[in-house]
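Q:
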Amino acid sequence: MSSRTVVITGGAAGIGRGAVERFVAAGDRVFALDRDAADLGDGVTSVQVDVSDRAALASAAAEIGAVDALVCAAGVQRYGTVVDTSPEIFDEVMAINVGGVFFACQAFIPKLPRGGSVVVVSSVQAYAAQTSVAAYSMGKGALLSLVRAMAVDHAADGIRVNAVCPGSVDTPMLRTSAAQFGGGRSTDEVVAEWGRSHPLGRVATPGEVAEVIYFLSSPAASFVTGADVKVDGGLTAGLAVVL
Ligand code: NAD
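Here the sequence shown stands for residues 255 to 497, numbered as in the working numbering.
1) Leaving aside the five residues before and after residue 435 along the sequence, list all residues of the same chain whose C-beta is less than 8 Å from its C-beta, in chain order.
2) What are the boundary residues of the alpha helix (DSSP H) that includes residue 413?
3) Smallest Cα separation from residue 399: which of 340, 416, 368?
4) Could you check whether the Cβ of residue 394 sits closer than 8 Å to any heavy atom belonging to the ligand NAD?
5) Just how far apart, CA to CA, sit residue 283 and residue 336?
6) Can you name, in chain order, every residue of its own chain whose Cβ lies under 6 Å from the Cβ of residue 421, other than the five neighbours on each side?
7) What do you reckon, are the CB atoms on residue 310 and residue 365 nearer than 9 Å?
8) In this structure, what does DSSP give as the bridge partners for residue 285?
9) Are residue 308 and residue 267 closer than 9 Å when you measure CB to CB?
10) Among 288, 395, 448, which has the Cα closest to the Cα of residue 381?
11) Tell me whether the stretch 261-281 and the stretch 292-300 touch, counting them as touching only if at least three CB pairs, one residue from each stretch, are closer than 8 Å.
12) Would you mind working out which of 483, 413, 441 sits nearest residue 367, comparing C-alpha positions?
13) State yes or no: is the C-beta of residue 330 within less than 9 Å of the C-beta of residue 346?
14) Counting along the chain, where does the alpha helix (DSSP H) carrying residue 382 start and finish?
15) Which value, in whole angstroms, describes the spacing of the CA atoms of residue 286 and residue 327?
16) Out of curiosity, what's the CA-to-CA distance linking residue 393 and residue 256?
17) Tell me which residue opens and which closes the alpha helix (DSSP H) that residue 451 is part of.
18) Taking 6 Å as the limit between beta carbons, can you name the residues of its chain near residue 369, skipping five residues before and five after?
19) Going along the chain, which unbroken runs of the beta strand (DSSP E) with 3 or more residues stay wholly within the stretch 345-410?
20) By how many angstroms is the C-alpha of residue 258 removed from the C-alpha of residue 439?
21) Could you tell me which of 262, 271, 261, 260 sits nearest to residue 427, measuring between CA atoms?
22) Compare the beta carbon distance of residue 387 and residue 437 with 9 Å and say whether it is the shorter of the two.
23) If the criterion is Cβ atoms closer than 9 Å, does the pair residue 358 and residue 305 meet it?
24) Between residue 432 and residue 425, how many whole angstroms is the CB-CB distance? I'm expecting something under 8 Å.
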């Protein structure tokens, strides 16, 4: 059992919540920062923060104090080509998915000790875009550059910074998209169909992504920094052509 203090943004649902459960299971004390309030059980303190509010992140960091690890999972999915993305959607995606990570790192990296770590949740969309996710893809790509910049800037402080890039994961975000684009089919049917586009034949559970986040943040990954680890069931490994 470890007993680190870990801050997880987006901890109230989905991948972030899976990470909360994984760290708590390891004996860690978790602060779940989310714009939604949630009762996440023993070992977890829920802090209501909108990650697009950099002042709120800074005051959360001042209140929480020393932290051993940071996980940035808060994010939103919005749709549109570069032509039909409104300025409001563009600003929202950049403020939450990019600014929310940048300013969470700005607030919490100074709290990390030597041996501390940051894990950022990017996406396979950083490598290969589906249609109509221009702003989201751009933001997820930007996170990989930010991870590499932070990894080299803070290596001398003994702080490691890595990214995970999930394929489709069964979370409220995915189910909302499935309801929106499913053409009236059940969300289970749509999620199963999306799963078949992954070579492993299914979407991931939040716990499967959380396991990789946990590994990257732990001393077991002591020589891993600046990496982006795909957790995508082989989605980006092959062409969607079956002979
Ligand atoms: P989700 O919508 O199921 O959960 C996201 C959580 O983040 C929610 O609790 C939400 O309240 C919180 N959040 C959103 N905006 C916030 C804000 N401004 N401030 C504070 N909290 C905020 O989403 P998810 O599927 O778990 O996605 C988590 C991360 O993983 C996101 O960055 C997403 O882009 C990424 N991702 C998801 C998938 C997928 O298939 N689900 C795939 C690749 C990457």
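Glycine residues also receive a C-beta, built at the ideal position from the N, C-alpha and C atoms.
Note that the structure is a prediction, hence the values are computed from the model and not measured.
A: Concretely, from the data shown:
1) 444
2) Premise fails: residue 413 is in no alpha helix (DSSP H) and is neither H nor E.
3) 416
4) yes
5) 41 Å
6) 378, 452, 486, 487, 489
7) no
8) Per DSSP, the beta bridge partners of residue 285 are 261, 299.
9) When the beta-carbon positions are compared, residue 308 and residue 267 stay at least 9 Å from each other.
10) Closest option to residue 381, Cα to Cα, is 395.
11) yes
12) 413
13) yes
14) If you look at residue 382, you'll find it isn't in any alpha helix (DSSP H); DSSP assigns it neither H nor E.
15) Whole-angstrom Cα-Cα distance: 10 Å.
16) 33 Å
17) Where residue 451 is concerned, there is no enclosing alpha helix (DSSP H), because DSSP gives it neither an H nor an E.
18) Here the set comprises 412.
19) 371-375
20) 44 Å
21) 271
22) Contact: no.
23) yes
24) That pair is no contact at about 11 Å.
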